[in-house]
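This report refers to the structure that appears directly beneath it.
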Amino acid sequence: MIWGGAVLTFLVVLMFSRRYGWWRPSVGPEYPRVLMYHMVSEHRPGAKFNKLRVTPAAFDWQIQWLKENGWHFGVMSELDAPEQLPPKTVFLTFDDGFADNFRHAHPVLTRYGARATLYLVVDRFDRDWSTAKKAHHDTGELMREPKLTDDDVREMLASGCWELGGHTLTHANLARLDKAAKRSEISGCREQLQARFETNVASFAYPFGIYDESDVELVREAGFTSAVTTVEGIDRDPASRPFELSRVKVSGKDNRLAFRLRMRTGKRG
């Protein structure tokens, strides 16, 4: 009986460790965290992309927790001079341009005095870009998800809570394009966003996190000063690789413990 209890305890600890990775070494608060979000909305029964949906209640708790624990909210253009950042700086980033960023995330940022960077796809309507990475994702789920209107974006920018970043013209899988098409997607998105919203667009996010060395150079040539990936982690020297910045993934399936661990280590499990 005692032996059986010990085995059960061991298995529970093993499962907990595998899920949460609590044993990972923590990264000091002097190193900035770049958090990656997509949607802030309720989960949908049977939906494939619920991990991209952080519920409004969870998001509110996360921002409140960050504020109460002394984190400073930055926008990505400020990472151009990391030596000037205060300790405990966190960057909230939102990819794609889903309407719930305005409907649910924006009021929370306003309430807590937080700021975020929006990586906006220019031609974001009536597209299911999940299929550009994996054909079997052709469910239409992301295409049906409402997207931000230009007026939404203007109101967000006017609030001072948001900064605009580029995410290509069409959320293209850059690995499938020739150099001319890549340049059009990367440079074109910056040019169009700056013209449309009359604001500087300094940072870029690689769609799907897919890129190579030639893409890094095209991003630099386009006039961006930084770019984020989907590589999980916390960079200890962001100035050394400003066009390949890691991010801390925030999953819609995270509980509060998982979020705290992500902030401490850069990863959950």
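Our numbering runs 415 ahead of the 1-based position in the sequence shown.
We put the CB at the ideal spot given by N, CA and C, even for glycine.
Computed from a predicted structure; not experimentally measured.
Provide the residue(s) that pair with residue i in DSSP beta bridges, ordered along the chain.
i, result
"Arg468", "Met454"
"Ser618", "Ser641"
"Arg448", "Val505"
"Leu533", "Phe509 and Leu579"
"Phe658", "DSSP, once it has assigned bridges, lists no residue as partnering Phe658."
"Glu556", "DSSP lists no partner for Glu556."
"Lys562", "Phe513"
"Phe488", "Val505"
Taking only beta-carbon atoms, is residue i less than 9 Å away from chain C?
i, result
"Glu570", "Of the protein chains in the structure, only one exists, and it is not chain C."
Quick check on this structure: which residue in the options has the alpha carbon closest to the alpha carbon of residue i?
i, options, result
"Glu570", "Lys664, Ser602, Asn516 and Gly603", "Asn516"
"Trp577", "Leu584, Asp567, Thr583 and His586", "Asp567"
"Tyr534", "Leu563, Gly512 and Gly555", "Gly512"
"Val455", "Ala673, Asp510 and Lys463", "Asp510"
"Gly580", "Arg526, Gln607 and Trp480", "Gln607"
"Arg656", "Asn670, Val634, Ala595 and Leu672", "Val634"
"Glu560", "Val449, Phe464 and Arg675", "Phe464"
"Glu613", "Tyr446, Val505 and Ala573", "Ala573"
"Ile705", "Lys562, Gly485, Lys597 and Arg526", "Outside the shown range of the chain, which is 416 to 684, sits residue 705, and nothing can be said about it."
"Phe619", "Arg526, Ile601, Thr564 and His458", "Ile601"
"Glu457", "Thr645, Ala514 and Ala590", "Ala514"
"His519", "Leu563, Phe506 and Lys482", "Leu563"
"Gly485", "Lys503, Met451, Asp565 and Ala673", "Lys503"
"Ala685", "Cys604, Phe623, Glu628 and Ser629", "Past the boundaries of the shown model lies residue 685; the chain is included only from 416 to 684, so the question cannot be answered."
"Val449", "Asp627, Glu636 and Ser492", "Ser492"
"Pro622", "Ala654, Arg530 and Glu659", "Glu659"
Is DSSP giving residue i helix, strand or coil here?
i, result
"Leu633", "helix"
"Arg677", "helix"
"Gly667", "coil"
"Lys463", "coil"
"Lys682", "coil"
"Arg526", "helix"
"Phe517", "helix"
"Glu570", "helix"
"Glu498", "helix"
"Glu647", "strand"
"Asp475", "helix"
"Leu584", "coil"
"Leu608", "helix"
"Ile440", "Strictly speaking, residue 440 in this sequence is Pro, with Ile absent from that position. It is coil, neither helix nor strand."
"Ile601", "helix"
"Glu493", "helix"
"Glu628", "helix"
"Ala550", "Confidence at Ala550 is low in this model, with a pLDDT of 46, below 50, so its placement is unreliable and no value can be given for it."
"Leu481", "helix"
"Phe623", "helix"
"Leu592", "coil"
* Flag this pair as touching only if the region 457-472 and the region 496-507 have three or more C-beta atom pairs under 8 Å; answer yes or no. => No contact exists between the region 457-472 and the region 496-507.
* Asked: Any contact of the region 643-650 with the region 440-453, i.e. 3+ C-beta pairs under 8 Å?
  -> Because the criterion of three Cβ pairs below 8 Å is met, the region 643-650 and the region 440-453 touch.
* Is the region 553-565 close to the region 624-644, with three or more CB pairs under 8 Å? -> As far as the Cβ criterion goes, the region 553-565 does not touch the region 624-644, which means the pair count is below three.
* How do the region 582-594 and the region 519-538 stand: do at least 3 beta-carbon pairs fall below 8 Å, yes or no? -> Flag = yes, the region 582-594 and the region 519-538 touch.
* Asked: Using 8 Å as the threshold, is the region 675-682 in touch with the region 657-666, meaning 3 or more CB pairs across them?
  -> Judged by Cβ distances under 8 Å, the region 675-682 makes contact with the region 657-666, as three or more pairs qualify.
* Would the region 473-483 and the region 666-676 be scored as touching if the rule is three or more Cβ pairs under 8 Å? -> Taking 8 Å as the limit for Cβ pairs, the verdict is that the region 666-676 does touch the region 473-483.
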